[in-house]
Amino acid sequence: MAEPTLLTLLPHLMRLSRVIGRGQLVERAMAATNSGLDRPAMSVLFQLRMAEEPLRIGEIAARMEVAGPHVTRLVQGIERRKLVRRVVDPQDQRARLIDLTPEGRQVTDRYLETILGWFEEALAAWPADDRDRFATLTKRFADDLANRLARLDEED
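At position 43 of the sequence shown the residue is numbered 43 (full-length UniProt numbering), and the sequence of numbers has no breaks.
Quick look at the structure:
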């Protein structure tokens, strides 16, 4: 059986997952952009924005943890909406990278501003040390859990 601290933490982690994953956070932020995009399309834009550089389709897929052909279809849709464009890969002139257009950056920035604003409101009463510690520990936990699950996938 898990140690008591983890057992008491689990319901809170599950609640956080529901708040983020079931749309209360993401869907409301997407609606605030007035872009008409669906969650997968916004995820592509988000990955490009967080990378701060153009990416190959395969890299976007890896970051989203989905198959490349799925991302190819998503990119085609948002490319038609002029939110991304294909650019030449400076490392390989034959290859193309996906880059945000100015319009794509604006949509993504509105999305991020909305979410970050809610996070700031939720953490407003927290002392700076608690906020810093929370950020450090959340990243560490997410990295460690993702690595553990990846090892389980390799064992299968």
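Note that the Cβ used here is the ideal one computed from N, Cα and C, for glycine as well.
If you count every other CB in all the chains shown that lies within 10 Å of the CB of residue i, and 16 or more means buried, which is it?
| i | result |
| --- | --- |
| PRO54 | buried |
| SER17 | exposed |
| LEU37 | buried |
| GLY104 | buried |
Determine the direct distance from the alpha carbon of residue j to that of residue i, and round the result to whole angstroms.
| i | j | result |
| --- | --- | --- |
| ALA32 | ALA41 | 15 Å |
| ARG49 | THR5 | 36 Å |
| GLY117 | ARG39 | 19 Å |
| VAL66 | ARG94 | 24 Å |
| PHE119 | ASP130 | 14 Å |
| GLY68 | ASN34 | 27 Å |
| ASP109 | ASP92 | 29 Å |
Compare the Cα-Cα distances from residue i to each of the options and report the closest residue.
| i | options | result |
| --- | --- | --- |
| PRO102 | ARG110, LEU83, GLN91 and VAL88 | LEU83 |
Would you call the CB atoms of residue i and residue j closer than 8 Å?
| i | j | result |
| --- | --- | --- |
| LEU45 | ILE78 | yes |
| MET30 | TYR111 | yes |
| VAL87 | LEU97 | yes |
| LEU25 | VAL19 | yes |
| VAL75 | MET64 | no |
Assuming residue i contacts residue j under a Cβ cut-off of 8 Å, what Cβ separation, rounded to an integer in Å, is found between them?
| i | j | result |
| --- | --- | --- |
| GLN47 | ILE57 | Wrong, their Cβ atoms sit about 11 Å apart, outside the cutoff. |
| ASP99 | ARG80 | Their Cβ separation, rounded to whole angstroms, is 15 Å, which puts ASP99 and ARG80 out of contact at 8 Å. |
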